[in-house]
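Chemist: Going down the list, the sequences are from chains A and B. Residue numbers are given in my numbering: position 259 of the first sequence equals residue 259, and the series is strictly consecutive. Numbers in my numbering are just positions in the second sequence, counted from 1, shifted up by 441. Where is the CB? At the ideal position from N, CA and C, for every residue including glycine. Sharing a structure with you now.
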Amino acid sequence: MEDGAVAGGRVVRPSRIWSPEVIEDIQEKAEIGRYRIRAYSTLRRTVHFQDLTFVPCTLTRIPLEGYRERCETRTVIGGRHGAEPIVLETPITIAGMSYGALSANAKQALGWAASRVGISTTTGDGGMRPGEREDSETLVYQVLPSRYGFDPHHLQMADAAEVVIGQGAKPGTGGLLLESKMSATIAEARTLPEGVDQRSPVRHPDFFGPDDLQIKIEELREATEGRIPIYVKIGACRVLEDVKLAAKAGADVIVLDGLEGATGASPEALLDHTGIPTLPATVLAVRALREEELEGEVNLIVSGGIRDGVDAAKALALGADAVSIGTAALIALNCNKPVHHEDYERLGTQAGACHHCHTGGCPVGITTQDPELVKRLPPQEASERVEHFLNSMTMEMQMMARACGKSDVHDLEPEDMRALTLESSLVTGIPFAGMDRPLAL
Amino acid sequence: MAAVAARQVEIDCAGLPTREINQGIRRAASEGATEIALLNSAGRHNLCVALFEAVTVRVRGDAGWYCGGMLDGGTIVVDGNCGWGTAENAMSGRMEVHGNAGTAAGATMHGGELYVAGDAGSRAAISLKGGAVVVGGSVGYMSGFMMQRGSLVVCGDAGEALGDSMYEGTIYVAGEVASLGADAVDAELEAADVDLLRAELERHEIDHDPSSFRKIAAGRKLWNFSKKEFEVWKTAL
Numbered sequence: 001m002e003d004g005a006v007a008g009g010r011v012v013r014p015s016r017i018w019s020p021e022v023i024e025d026i027q028e029k030a031e032i033g034r035y036r037i038r039a040y041s042t043l044r045r046t047v048h049f050q051d052l053t054f055v056p057c058t059l060t061r062i063p064l065e066g067y068r069e070r071c072e073t074r075t076v077i078g079g080r081h082g083a084e085p086i087v088l089e090t091p092i093t094i095a096g097m098s099y100g101a102l103s104a105n106a107k108q109a110l111g112w113a114a115s116r117v118g119i120s121t122t123t124g125d126g127g128m129r130p131g132e133r134e135d136s137e138t139l140v141y142q143v144l145p146s147r148y149g150f151d152p153h154h155l156q157m158a159d160a161a162e163v164v165i166g167q168g169a170k171p172g173t174g175g176l177l178l179e180s181k182m183s184a185t186i187a188e189a190r191t192l193p194e195g196v197d198q199r200s201p202v203r204h205p206d207f208f209g210p211d212d213l214q215i216k217i218e219e220l221r222e223a224t225e226g227r228i229p230i231y232v233k234i235g236a237c238r239v240l241e242d243v244k245l246a247a248k249a250g251a252d253v254i255v256l257d258g259l260e261g262a263t264g265a266s267p268e269a270l271l272d273h274t275g276i277p278t279l280p281a282t283v284l285a286v287r288a289l290r291e292e293e294l295e296g297e298v299n300l301i302v303s304g305g306i307r308d309g310v311d312a313a314k315a316l317a318l319g320a321d322a323v324s325i326g327t328a329a330l331i332a333l334n335c336n337k338p339v340h341h342e343d344y345e346r347l348g349t350q351a352g353a354c355h356h357c358h359t360g361g362c363p364v365g366i367t368t369q370d371p372e373l374v375k376r377l378p379p380q381e382a383s384e385r386v387e388h389f390l391n392s393m394t395m396e397m398q399m400m401a402r403a404c405g406k407s408d409v410h411d412l413e414p415e416d417m418r419a420l421t422l423e424s425s426l427v428t429g430i431p432f433a434g435m436d437r438p439l440a441l
Numbered sequence: 442m443a444a445v446a447a448r449q450v451e452i453d454c455a456g457l458p459t460r461e462i463n464q465g466i467r468r469a470a471s472e473g474a475t476e477i478a479l480l481n482s483a484g485r486h487n488l489c490v491a492l493f494e495a496v497t498v499r500v501r502g503d504a505g506w507y508c509g510g511m512l513d514g515g516t517i518v519v520d521g522n523c524g525w526g527t528a529e530n531a532m533s534g535r536m537e538v539h540g541n542a543g544t545a546a547g548a549t550m551h552g553g554e555l556y557v558a559g560d561a562g563s564r565a566a567i568s569l570k571g572g573a574v575v576v577g578g579s580v581g582y583m584s585g586f587m588m589q590r591g592s593l594v595v596c597g598d599a600g601e602a603l604g605d606s607m608y609e610g611t612i613y614v615a616g617e618v619a620s621l622g623a624d625a626v627d628a629e630l631e632a633a634d635v636d637l638l639r640a641e642l643e644r645h646e647i648d649h650d651p652s653s654f655r656k657i658a659a660g661r662k663l664w665n666f667s668k669k670e671f672e673v674w675k676t677a678l
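Written out as C-alpha cells, the structure reads:
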C-alpha cells in the first residue's frame, strides 16, 4: 500500500519499515517457529538480461534475413580434456531437477522434449530415475553432496558428470525435500525413511576445497576412463575466484547458477538474500576465463532467470556458451497454468503466482508425488509443449543474431547491445543507451 | 606387467599414469587374473577406482585419496595407509586397509564392507547408506554424520559429534565417545547386535567382547521439524 493511499474514505499510512508484508512475515514465523520455506526463486527485482537491448544492423552493418537466412545454433562443449564432447543442437540445457522434486511424468516429458530438440537434461538429488537414461538422449549425471542414489554404473552410462558445489537459489546450503513429497518410492531411491523432511548436506562428504575437487574430478575420470566431460556447477557468489578455481581443478564445463535460479524448496531467506544475479555473474565468469586464457577451452553455461530466447541470446552475447533452464521448462510443462483453480486456492495461492512446489500439492502434476495429481500431466503432450517452447527460444536467439548480422548465435557480442539501466551498464561495461562509452566508476 | 604365477599379476605403478594402472587392473581381470598386486603405489590417488570385477587387488604400500572409490564386487587389500575417501560410495565388495585411513573412510557407501585395521580420520562412514565400516582403532570427529543405513563399528574411541544428524543406521563403539552429535542417542545392545559384532570381530581377529560395545542410533527428532524442539534444531546441521 502506498503512503497516503485512501482506503474507505480515509488516508492510511502504513510504515515503510514495518510494512504489511513485514508484519505478515513476522506473524507467520511466530506461528511456525522456524524460517519460512517456499519454492521458486527470489521475488526480488534483480539486475537482469531484460535491462539490455540489442542494437541490430542499420547502415553501419548488414543484417541477415530474419526469418530465413541460415544461423547456426549447434554448440559443442566439454572437449577440454579429450572427453567425447556434448553436442547441443541449440545452446540450451535442462537444469538438474530431481525425481522427487518433480514427478516421474515431468521428468519423462523433459527428457523426451530435450531428446527431440537435441539438447541435454540433467539428473538431480536422488540419482538417475529408472527410465531416465532411455528418456534422455543426452544425460548429465549430477554428483551431489548427499550422493542420494549415486550409482557408479549410472555414472558410466551418463554423457557427462556434473559435480554440484552449489546452486543459485541457495548457494552454501543443501537441498530440501519435505515430508509430503518423500513417498515410499522416493525415500527408497534415496535410502531414507519414508515421510522425513530431507535436508541434504551442502558439503561434499569426501572433499572440501578446490585442491580436493581436482582429485575428485580425476576420480570421476578414472571411473569413466575419461570418456565423459566433467562439469562443475556453482551458485554465483565470488564468481571471479570460483570460476578460476573450478577451471584449475579441471572442469571441462562450468555451470554458473545465478541468484534468480529456482528450487523445489528452500528457506525463503536464502532465496532472497544469498548470491548474485545471473547477469553480473556471467560477466565475471567470462572475465575469469579470459584472464586465465581459458575462454573457449573451458565452456560456460549460465542459468538462473533465463525466460526466453532473448535472455539466452544476451547471455551468449556476453560470452556464455549455453544457458540452462529449469523454471521456464516447468512453466512450459504447465506450471502456473490457470486450470484447477480450487487446488491453487487450497495451497493459498492462485495460478500465475504459485510458488508452492515445496508443498507437494502441485495442481498441474509437475512438482508432486501424489499419483492423482501426476495424472494431470500426460507426458507426451507435456513434452510437446516443452519442445515447442525450446524451439521458440531457438528462433528468438536466431532472430536476434540475424538482426545483428550474425550467422551463428555464438557470434553475438557485447557490442551488439546497449544498457537500458545504469546498473546493467555498470556491471556489464556495455554503454548506457545514448552514451558512446561504458560507464565506469 | 609380469605374470608371477597362474592367474596372479603384478603391476608396477612406478612411471605409469593412474589411468594405465586402473586399466591394467581391468584388463588383467578380463584376462582371467584373480589376484593383482600393485607395486610402488607410493600414495598414488585414485587407485582401483570403480573396480567392478570379481578380483582381489593387493596394494603393496600406501594409497592416496579415493582408493577403492565406487567399488562394486571386487576385493581390495591395502598393506599400508590410505588417504581420504577410502572405498567412498562402494556398492558391494570388500576393502581392507591394514594401516590407517584418512578423512571420510567409507563415505556414502551403499553396500559392501570396509575394514580399517588402524585408525580412521574424521567423518568416517559419513552419509553411510548401507554395508559396514569396521575400524580396528579409533575414528575422528563427525563420524557417522548423516548416516542413513548400515553400520559403523569402532573398536577404539570416537571423536566429537558422533552420529550427528543420523537418519537411521547403527554405530557401535568399544572405547570412549568424546561426544554424541545432534539427535544421536544411546540404544540398547540386543542379541542381534552382539551376533553382528561377534561375526565382525571374529572375521577380523579382533579380541574384544562383543557385548561390551556401546550402541548409538538416531533419536529421530530431526526427521520432521517441531517448533517445540528448538534446542535440537539450533545446532542440527
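1. Below 8 Å on the Cβ atoms is my guess for residue 231(A) versus residue 342(A); work out the distance and round it to an integer in Å.
2. Mind checking if residue 268(A) is an interface residue toward chain B, Cβ cutoff 8 Å exclusive?
3. Could you check where the alpha helix (DSSP H) with residue 347(A) kicks off and where it finishes?
4. Using a Cβ-Cβ cut-off of 8 Å (strictly less than) and excluding sequence neighbours within five positions of residue 549(B), which residues of its own chain qualify?
5. Can you look up residue 170(A) in the DSSP assignment and give me helix, strand or coil?
6. In chain B, what lies closer than 7 Å to residue 150(A) by C-beta?
7. Counting only Cβ pairs nearer than 9 Å, list the residues of chain B close to residue 146(A).
8. What is the DSSP secondary structure of residue 493(B), counted as helix, strand or coil?
9. Between which residues of its own chain and residue 207(A) is the CB-CB distance below 8 Å, once the five residues before and five after are set aside?
10. Give a yes or no on whether 8 Å exceeds the smallest Cβ distance from residue 558(B) to chain A.
11. Determine the burial state of residue 378(A): buried for a count of at least 16 other Cβ atoms within 10 Å of its Cβ, exposed for fewer.
12. Expressed to the nearest angstrom, what Euclidean distance is found between the alpha-carbon atoms of residue 484(B) and residue 500(B)?
13. Please report the straight-line C-alpha distance between residue 505(B) and residue 122(A), rounded to a whole angstrom.
14. Below 8 Å, can you find three or more Cβ-Cβ pairs linking the segment 222 to 229 of chain A to the segment 77 to 94 of chain A?
15. By DSSP, does residue 391(A) sit in helix, in strand, or in coil?
16. Taking all protein chains shown into account, decide if residue 435(A) is buried (16 or more other Cβ within 10 angstroms of its Cβ) or exposed.
17. Quick one: residues in its chain with C-beta nearer than 6 Å to the C-beta of residue 288(A), no 5 flanking neighbours on either side, listed in chain order?
18. Which residue or residues does DSSP assign as beta-bridge partners of residue 516(B)?
19. What's the C-alpha gap between residue 452(A) and residue 380(A)?
20. With residue 667(B) as the anchor, note down where its beta strand (DSSP E) starts and where it stops.
21. Identify the continuous beta strand (DSSP E) that holds residue 257(A) and give its terminal residues.
22. When DSSP labels each residue in this structure, what does residue 243(A) get in the three-state scheme?
23. Nearest CA to the CA of residue 502(B): which residue from 522(B), 450(B) and 609(B)?
24. With 7 Å as the limit, tell me which residues of the segment 182 to 200 of chain A have their beta carbon closer than that to any beta carbon of chain B; keep them in chain order.
25. Compile a chain-ordered list of the residues in the segment 474 to 494 of chain B whose CB is closer than 7 Å to at least one CB of chain A.
26. Count Cβ pairs between the segment 93 to 109 of chain A and the segment 127 to 135 of chain A that sit closer than 8 Å; are there 3 or more?
27. Can you tell me whether residue 463(B) is helix, strand or coil according to DSSP?
28. If distances are taken between C-alpha atoms only, which option among 641(B), 451(B) and 461(B) comes closest to residue 555(B)?
29. Is residue 279(A) near residue 424(A), with beta carbons less than 8 Å apart?
30. Give a yes or no on whether the C-beta atoms belonging to residue 364(A) and residue 388(A) are separated by under 8 Å.
Modeler: Judging by the given coordinates:
1. Here residue 231(A) refers to the residue found at position 231 when the first sequence is read from its first residue. Here residue 342(A) refers to the residue found at position 342 when the first sequence is read from its first residue. Not a contact, Cβ separation roughly 42 Å.
2. Within the first sequence, the letter at position 268 stands for residue 268(A). Not one chain B Cβ lies under 8 Å of residue 268(A).
3. On the first sequence, residue 347(A) is found 347 positions in, with the first residue counted as 1. Element bounds for residue 347(A): n/a, residue is neither H nor E.
4. Counted from its first residue, the second sequence places residue 549(B) at position 108. The residues are 529, 530, 567, 568, 569 and 570.
5. Taking the first residue of the first sequence as 1, we reach residue 170(A) at position 170. It is coil, neither helix nor strand.
6. Within the first sequence, the letter at position 150 stands for residue 150(A). Near residue 150(A) (Cβ distances below 7 Å), the residues of chain B are 530 and 549.
7. Position 146 of the first sequence, counted from the first residue, corresponds to residue 146(A). By Cβ distance, chain B contributes 549, 568 and 587.
8. On the second sequence, position 52 is the one that residue 493(B) refers to. Three-state result, residue 493(B): coil.
9. Along the first sequence, one-based indexing puts residue 207(A) at 207. Only 213, 215 and 216 meet the Cβ criterion.
10. Position 117 of the second sequence holds residue 558(B). With 8 Å as the cut-off, residue 558(B) does not count as an interface residue toward chain A.
11. On the first sequence, position 378 is the one that residue 378(A) refers to. Exposed, by the Cβ-count rule.
12. Position 43 of the second sequence holds residue 484(B). Position 59 of the second sequence holds residue 500(B). Computed Cα separation, rounded: 10 Å.
13. Looking up residue 505(B) in the second sequence gives position 64. Looking up residue 122(A) in the first sequence gives position 122. C-alpha separation (whole angstroms): 31 Å.
14. yes
15. In the first sequence, the residue the question calls residue 391(A) occupies position 391. Helix at residue 391(A).
16. Residue numbering aside, residue 435(A) sits at position 435 when the first sequence is read from its first letter. The residue in question, residue 435(A), is exposed, as its Cβ has fewer than 16 Cβ neighbours within 10 Å.
17. Stepping through the first sequence from its first residue, residue 288(A) is reached at position 288. Correct list, in chain order: 240, 243 and 244.
18. If you number the second sequence from 1, residue 516(B) lands on position 75. Beta-bridge pairing links residue 516(B) to 497(B) and 535(B).
19. Residue 452(A) is absent from the structure shown; chain A starts at 1 and stops at 441.
20. Your numbering for residue 667(B) matches position 226 in the second sequence. Counting along the chain, residue 667(B) falls outside any beta strand (DSSP E), and DSSP gives it neither H nor E.
21. Here residue 257(A) corresponds to residue number 257 of the first sequence, with the count starting at 1. First-last of the beta strand (DSSP E) with residue 257(A): 253 to 257.
22. Start at 1 with the first residue of the first sequence, and residue 243(A) comes out as number 243. Helix, per DSSP.
23. For the purposes of this step, residue 502(B) is taken as the residue at position 61 of the second sequence. Of the listed residues, the one whose Cα sits closest to residue 502(B) is 522(B).
24. 191, 192, 193, 196 and 197
25. 486, 487, 490 and 491
26. yes
27. Taking the second sequence and counting its residues from 1, the one referred to as residue 463(B) is at position 22. Helix, per DSSP.
28. As a position in the second sequence, residue 555(B) is number 114, starting the count at 1. Residue 555(B) has its Cα closest to that of 641(B), out of 641(B), 451(B) and 461(B).
29. For the purposes of this step, residue 279(A) is taken as residue 279 along the first sequence, with counting starting at 1. For the purposes of this step, residue 424(A) is taken as residue 424 along the first sequence, with counting starting at 1. Cβ distance < 8 Å, so residue 279(A) and residue 424(A) count as in contact.
30. One-based indexing of the first sequence puts residue 364(A) at position 364. One-based indexing of the first sequence puts residue 388(A) at position 388. For residue 364(A) and residue 388(A), no; Cβs fall outside 8 Å.
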